[in-house]
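Written out below as structure tokens is the structure these notes cover.
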Amino acid sequence: MQFRAHQLQVVGETCPCDEAWVVARDEQRHRLGESLDARAADLQKIDDARAWALAHTAVTRANADAARYLIAERHADDIPEPTVTAQEWLTAERAARLEDDVHRLICETDLDEHHTADQADVDTAPFTDLLDIRELAAAEPAPAAEDDVRIPTADEAQPALDEITAHEILDADELSHDVDHDDFHDGGDMTDLADVPSCLGSSPLSTRRQRSAARTAADRHRATPTATSH
Numbered sequence: 001m002q003f004r005a006h007q008l009q010v011v012g013e014t015c016p017c018d019e020a021w022v023v024a025r026d027e028q029r030h031r032l033g034e035s036l037d038a039r040a041a042d043l044q045k046i047d048d049a050r051a052w053a054l055a056h057t058a059v060t061r062a063n064a065d066a067a068r069y070l071i072a073e074r075h076a077d078d079i080p081e082p083t084v085t086a087q088e089w090l091t092a093e094r095a096a097r098l099e100d101d102v103h104r105l106i107c108e109t110d111l112d113e114h115h116t117a118d119q120a121d122v123d124t125a126p127f128t129d130l131l132d133i134r135e136l137a138a139a140e141p142a143p144a145a146e147d148d149v150r151i152p153t154a155d156e157a158q159p160a161l162d163e164i165t166a167h168e169i170l171d172a173d174e175l176s177h178d179v180d181h182d183d184f185h186d187g188g189d190m191t192d193l194a195d196v197p198s199c200l201g202s203s204p205l206s207t208r209r210q211r212s213a214a215r216t217a218a219d220r221h222r223a224t225p226t227a228t229s230h
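Start counting the sequence shown at 1; every next residue gets the next number (full-length UniProt numbering).
Structure follows, in structure tokens:
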């Protein structure tokens, strides 16, 4: 392009077709830059949502890893799955019931005293209008590309961000209420930070409360004027 511009300067002429091409190219690059900037903003929102979700589920995932390790250590998952099918269980149960009926005593409670005329208007036919769920599943098309990983758009990730924000607001309200309640019953500000974890529990929400309560207690402790001796 620089060589072509040098040629135009040497000739001393300006070709209208070259000017139109340069203008069109600049407009195309400008639109491409705007599109890339918008996509980068969307990807940043999605990345923030993923990081936020990972931070909120860190304790749950750690507990799951600890549970899997404990189960493996106790060999609780080494027991093989039963190979007896449901139909085999039903067949064995029916055979055992028929065998017991041969030796079972017939009592008065086993006699049917109802007349067939009383049940003449009762429909005893099986209800077969609804299809079995297995038949419905067999008729559905096989899923295609169900394991493909797709990055959600910013609009799809926004509901998750809104839900997390709502949970944060509720947690903050509960934390503020709990701190005020503890201050009221303690008769003063919390100055002993070592007692904070023992009074708030060990759940994920309580962990966040412990940290926030510790910071609040530290701020109050620093803000409290200390008496100086003269």
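Glycine included, each C-beta is placed from N, C-alpha and C at the ideal position. Only a predicted model underlies this, so the values are computations on that prediction, with no experimental measurement involved.
Is the beta carbon of residue i less than 9 angstroms from the beta carbon of residue j?
{"i": "Trp52", "j": "Ile164", "result": "yes"}
{"i": "Ala41", "j": "Ala154", "result": "yes"}
{"i": "Leu36", "j": "Ile151", "result": "no"}
{"i": "Asp48", "j": "Leu161", "result": "yes"}
{"i": "His56", "j": "His167", "result": "yes"}
Does DSSP put residue i in a helix, a strand or coil?
{"i": "Arg97", "result": "helix"}
{"i": "Leu193", "result": "In this prediction, Leu193 has a pLDDT of 45, which is less than 50 and means its spatial position is unreliable; what the coordinates show is noted afterwards. Of the three classes helix, strand and coil, the one that applies to Leu193 here is helix, per DSSP."}
{"i": "Ile164", "result": "helix"}
{"i": "Asp77", "result": "coil"}
{"i": "Leu43", "result": "helix"}
{"i": "Thr153", "result": "coil"}
{"i": "Thr91", "result": "helix"}
{"i": "Ala172", "result": "helix"}
{"i": "Leu111", "result": "coil"}
{"i": "Arg104", "result": "coil"}
{"i": "Asp132", "result": "coil"}
{"i": "Pro159", "result": "helix"}
What residues in its chain sit with their C-beta under 8 angstroms from that of residue i, if we drop five residues either side in the sequence?
{"i": "Asp132", "result": "none"}
{"i": "Ala194", "result": "Because Ala194 carries a pLDDT of 46, less than 50, the predicted location of this residue cannot be relied on, and the following value inherits that uncertainty. If we look at Ala194 and ignore the five residues flanking it on each side, it has no Cβ neighbours."}
Do you know whose CA, among the options, lies nearest residue i's CA?
{"i": "Ile46", "options": "Ala157, Ala58, His167 and Asp37", "result": "Ala157"}
Nearer than 8 angstroms: is that true of the beta carbon of residue i relative to any heavy atom of the ligand NAP?
{"i": "Glu73", "result": "Absence of the ligand NAP is noted for the structure shown, with no ligands found whatsoever."}
Within the same chain, show all residues whose beta-carbon is closer than 7 angstroms to that of residue i, passing over the 5 residues directly before and after it, in chain order.
{"i": "His30", "result": "none"}
{"i": "Trp89", "result": "none"}
{"i": "Ile106", "result": "none"}
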